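Asks: So the sequence shown is numbered by full-length UniProt numbering: it starts at 1 and just counts up by one.
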Amino acid sequence: MSDLHAMAYTSIAYPMTQSQLAALLDGARRFNAEVGVTGVLLHHVGRFFQYFEGPEHAVRDVHGRILRSTRHHSLAFLLDVPIASRQFPAWYMGFCEPPVDEFQRIANAEWVQAMPITRTTMERSEGMSLVMSYWSRWVADRPARSPDDAGETA
Ligand SMILES: Cc1cc2nc3c(=O)[nH]c(=O)nc-3n(C[C@H](O)[C@H](O)[C@H](O)COP(=O)(O)O)c2cc1C
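Laid out in structure tokens, this is it:
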């Protein structure tokens, strides 16, 4: 049986420069690569949305680091569930800055909270579909070799 787990949350960022944000991403990706956690981080004017997945113990370690971070506050968890397979196997922590309407649609979507859940429920949750759909459009349209390319697993 798979030991994979996923979490998602929104939070509010304390003011941060571009280089502080880049350093945060770098540290996050380094740790995630070490422990086998993948996912995406979305940022829109001072708000974060993050989805991350991996072996349960690794997800719990990352969760602890995120909770301890002094870079944000008002964390609201949307998802904390076992999963059958990874949704973002190619990204240690993909990062993008969606427009406000896309960000809000994802943050306000219906996410599955109840446990236990089936694979089908998870994959059909509105929030998951919106994140995956926005991410695949963003990846297809992104400028070639932008600095945001960092974070890919291969
Ligand atoms: C929005 C956000 C997302 C984060 N995502 C991750 C992550 O995916 N993996 C990880 O190991 N740490 C993550 N962290 C924690 C940072 O990597 C790092 O531990 C922390 O920023 C360093 O402590 P400090 O924020 O108090 O300076 C995240 C922090 C924030 C604010």
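All C-beta atoms, glycine included, are put in the ideal place defined by N, C-alpha and C. For clarity, every value in this text was computed on a predicted model and none was experimentally measured.
Beta-carbon separation of G54 and V37 under 8 Å?
Replies: Yes, the pair counts as a contact, with Cβ atoms nearer than the cut-off.
Asks: Any heavy atom of ligand 3 closer than 7 Å to the CB of M7?
Replies: Absence of ligand 3 from the depicted structure is noted, with ligand 1 being the only ligands included.
Asks: By a C-beta neighbour count over all protein chains shown, 10 Å radius and 16 as the cutoff for buried, is S11 buried or exposed?
Replies: Flag for S11 reads buried.
Asks: Residue 226 by DSSP, collapsed to three states: which one?
Replies: What is shown of the chain runs 1 to 154, which leaves residue 226 out entirely.
Asks: For Q50, name the three-state secondary structure that DSSP assigns.
Replies: Note: Q50 maps to strand in three-state DSSP.
Asks: Please classify I83: does DSSP put it in a helix, a strand, or coil?
Replies: Of the three classes helix, strand and coil, the one that applies to I83 here is coil, per DSSP.
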